[in-house]
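Student:
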Amino acid sequence: MALSENEVLEGLAEIVVDETGIDAAEVTLEKSFTDDLDIDSLSMMTIVTLAEEKFDVRIPDEDVKNLVTVGDAVTYITGAQA
Amino acid sequence: MTTMNVRRGPEYTRILGLGVARGENAVPNDDLIEPINSSDEWIRKMTGIVTRVRADQDTSVLDLSERAARDAIAQAGIDPSEIDAVILSTISYPHITPGGAPILADRLGATHAAAFDISAACAGYCYGIGQGDALVRSGASKYTLVIGAEKLSDWVDPADRSISYLLGDGAGAVVIGASDTPGIGPTVWGSEGDGANLIYQTSSWLDIRDDRETPFPTLRQEGPSVFKWASFKMPKIALEAIEAAGVTPADIKAFIPHQANVRIIDQMVKQIGLPKHVAIAKDIVDSGNTSAASIPLATERLLRDGDAKSGDLALQIGFGAGLVYAAQVIALP
Numbered sequence: 012m013a014l015s016e017n018e019v020l021e022g023l024a025e026i027v028v029d030e031t032g033i034d035a036a037e038v039t040l041e042k043s044f045t046d047d048l049d050i051d052s053l054s055m056m057t058i059v060t061l062a063e064e065k066f067d068v069r070i071p072d073e074d075v076k077n078l079v080t081v082g083d084a085v086t087y088i089t090g091a092q093a
Numbered sequence: 411m412t413t414m415n416v417r418r419g420p421e422y423t424r425i426l427g428l429g430v431a432r433g434e435n436a437v438p439n440d441d442l443i444e445p446i447n448s449s450d451e452w453i454r455k456m457t458g459i460v461t462r463v464r465a466d467q468d469t470s471v472l473d474l475s476e477r478a479a480r481d482a483i484a485q486a487g488i489d490p491s492e493i494d495a496v497i498l499s500t501i502s503y504p505h506i507t508p509g510g511a512p513i514l515a516d517r518l519g520a521t522h523a524a525a526f527d528i529s530a531a532c533a534g535y536c537y538g539i540g541q542g543d544a545l546v547r548s549g550a551s552k553y554t555l556v557i558g559a560e561k562l563s564d565w566v567d568p569a570d571r572s573i574s575y576l577l578g579d580g581a582g583a584v585v586i587g588a589s590d591t592p593g594i595g596p597t598v599w600g601s602e603g604d605g606a607n608l609i610y611q612t613s614s615w616l617d618i619r620d621d622r623e624t625p626f627p628t629l630r631q632e633g634p635s636v637f638k639w640a641s642f643k644m645p646k647i648a649l650e651a652i653e654a655a656g657v658t659p660a661d662i663k664a665f666i667p668h669q670a671n672v673r674i675i676d677q678m679v680k681q682i683g684l685p686k687h688v689a690i691a692k693d694i695v696d697s698g699n700t701s702a703a704s705i706p707l708a709t710e711r712l713l714r715d716g717d718a719k720s721g722d723l724a725l726q727i728g729f730g731a732g733l734v735y736a737a738q739v740i741a742l743p
C-alpha cells in the first residue's frame, strides 16, 4: 500500500539522520538538502539509494538534481510509489 | 582419428611476488586547488585524498612498470627468462600500437614471453589477475607477470573538477605461478556498457584529426553517479567473490578495493558488512587514485605497515570506466 507524505517524510528523515547525524526535527519539508542541511552530492546519492531501497521506488540519477528540498524528495517518492 | 594434445596446468595458483613503483612526487591538494576554485578541506572531505603521487615528466608508464616488475620478479625468486606471459593493464600508455607489454618484456629479459596490454581501467589489475590465474591453471603459462600501471597525470585537465585532481601515477606488478594450495580464488567479473558515459575521455583521436582546435583528450567522470554505482552495486560483486571462493567475510583479513575515493571505500565496507578485524586499504590518502595500479600499491602499503601479512586472505575488487568490474579473494604474497 502506498505510504502517505507524512510516512515518507518520517522514513526519509530516518535515512538523513543516519547519514548525517543531524537532529530528526531539522528534517522538514521546506529544508534544502544542500543549503540548510549541508548535504553534499555524495551524501545525497547515499540518501537517494537508501530511499530507493526503503520505499521500493527508482530515482534515476538525472532526477536527483531536481530534488532541492526535502519536500521535493517526499513528493517525488510519494508519486513514484506503485 | 588423430587427436591433438592439450595442455593441462596445475590445480592451484598464487601470487609469488609483488613489486610497486610510485610517482616520484607527492603532490598536495594545495598545489591543485587554484584552477578548480577549491580548497584542501573540500578535497579531503569529498575524497579523503591528502596527496597524490605523480611521476616526473620524463618517467613513462613503462619505466614505472619496469621498476615494479623487477621487484616482483625478485620476490618471486625466479629468473626473468622464466616468465612466459606478460599482461600490462593500463589506460594511459600513449600508443595505440605497439602495446607496451612486449617492450616491457624485452626490457625485463622475458624476451620470448607472450605479451599484451589490456584496457580495463580501474578494474584492470583484477582483470589481469583473473587472466593470469587462468593462463597458469590451463598450462598456457608457467609464470605470468601481471602489471597495473598508469601515468594518469598525462591525461588530466587542471581545470577539471570531476576527476583530474584525484589522479596519480604508479605501477604494481605480481608474478603468478603454481601453488600447492589455492592462492587465487575465482574471479567474479563483468561489464555494464550502458554506463560507458560515466567515466570517459573528452574526445577521440579522430575528433582531433578532424578538428585540430579540439583540445588534447583528458578524463572526466560523473562523480555522484559513479559513487552510487561503486558504493552500492560493487559490494554485491565483492560478496559474490567471497562466496565463489568458499569462504566467509570472517575469513577475510584485508579488504583492498580500487582506491577511487575514501567515501566509496567506507560505504563499500558498510554495505558488504565486513567484520571489524578486517584491515581496510586506504593508500589513496597519500597516493591518490592510480587506476589499474591502485590495488597492488594499496596491497604493498598494507603489508609494509604490518596491517596484513603474507598468507592472509584479502578481498580485492577493481571497478571503473566501461563500466567494468572484477573481484577475487587472494592469499597475500
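Same order as they appear, the protein sequences are chains U and W. The first sequence begins at 12 in the working numbering and counts up one residue at a time. The second sequence begins at 411 in the working numbering and counts up one residue at a time. Positions of the beta carbon are idealized from the N, C-alpha and C atoms, including for glycine.
#1: Pick out whichever of D620/W, V636/W, T624/W and Y610/W has its Cα sitting closest to the Cα of E73/U.
#2: By alpha-carbon positions, which one of L442/W, R517/W, Y537/W and R480/W ends up nearest to S701/W?
#3: Smallest Cα separation from F642/W: which of T500/W, M411/W, I483/W and F729/W?
#4: So G558/W packs on A703/W, CB below 8 angstroms; how close in whole Å?
#5: Is the segment 61-81 of chain U touching the segment 20-30 of chain U, taking contact as three or more C-beta pairs under 8 angstroms?
#6: Could you pull the start and end residues of the alpha helix (DSSP H) that L20/U belongs to?
#7: Which residue comes first and which comes last in the beta strand (DSSP E) that contains R462/W?
#8: Please classify P645/W: is it buried, with 16 or more other beta-carbons within 10 angstroms of its beta-carbon, or exposed?
#9: By Cβ distance, which residues of its chain are closer than 7 angstroms to E434/W, with the 5 residues on each side in sequence left out?
#10: Is it true that the segment 484-494 of chain W meets the segment 516-534 of chain W, where meeting means three or more beta-carbon pairs spaced less than 8 angstroms apart?
#11: With three or more C-beta pairs closer than 8 angstroms as the rule, is the segment 505-519 of chain W touching the segment 536-554 of chain W?
#12: Which one of E451/W, A436/W and A550/W has the shortest CA to CA distance from P420/W?
#13: Let me know the secondary structure DSSP gives Y575/W once reduced to three states.
#14: I need the boundaries of the beta strand (DSSP E) containing P438/W, first residue and last residue.
#15: Grab the span of the alpha helix (DSSP H) containing L472/W for me, first residue to last.
#16: Decide yes or no for the touch test of the segment 78-89 of chain U against the segment 649-668 of chain W: beta carbon pairs closer than 8 angstroms, at least 3 of them.
#17: In chain order, what residues of the same chain lie with their CB nearer than 8 angstroms to the CB of P445/W, ignoring the 5 residues before and after it?
#18: What is the rounded straight-line gap between the Cα of D722/W and the Cα of D564/W?
#19: Does the CB of G698/W have a neighbour CB from chain U at under 9 angstroms?
Tutor: In terms of the structure at hand:
#1: The shortest C-alpha separation from E73/U is found at V636/W.
#2: Looking at the Cα atoms, Y537/W is the closest of the given residues.
#3: The option with the nearest alpha carbon to F642/W is F729/W.
#4: About 5 angstroms separates the Cβ atoms of G558/W and A703/W, confirming a contact at the 8 angstroms cut-off.
#5: yes
#6: E16 to T31
#7: Where R462/W is concerned, the enclosing beta strand (DSSP E) starts and stops at T461 to R464.
#8: buried
#9: A465, D466 and T469
#10: Yes: the two stretches touch, three or more of their Cβ pairs being nearer than 8 angstroms.
#11: no
#12: A550/W
#13: In the three-state reduction of the DSSP assignment, Y575/W falls in the helix class, which pools H, G and I.
#14: N435 to P438
#15: V471 to A486
#16: These segments do not touch.
#17: P568 and A569
#18: 36 angstroms
#19: no
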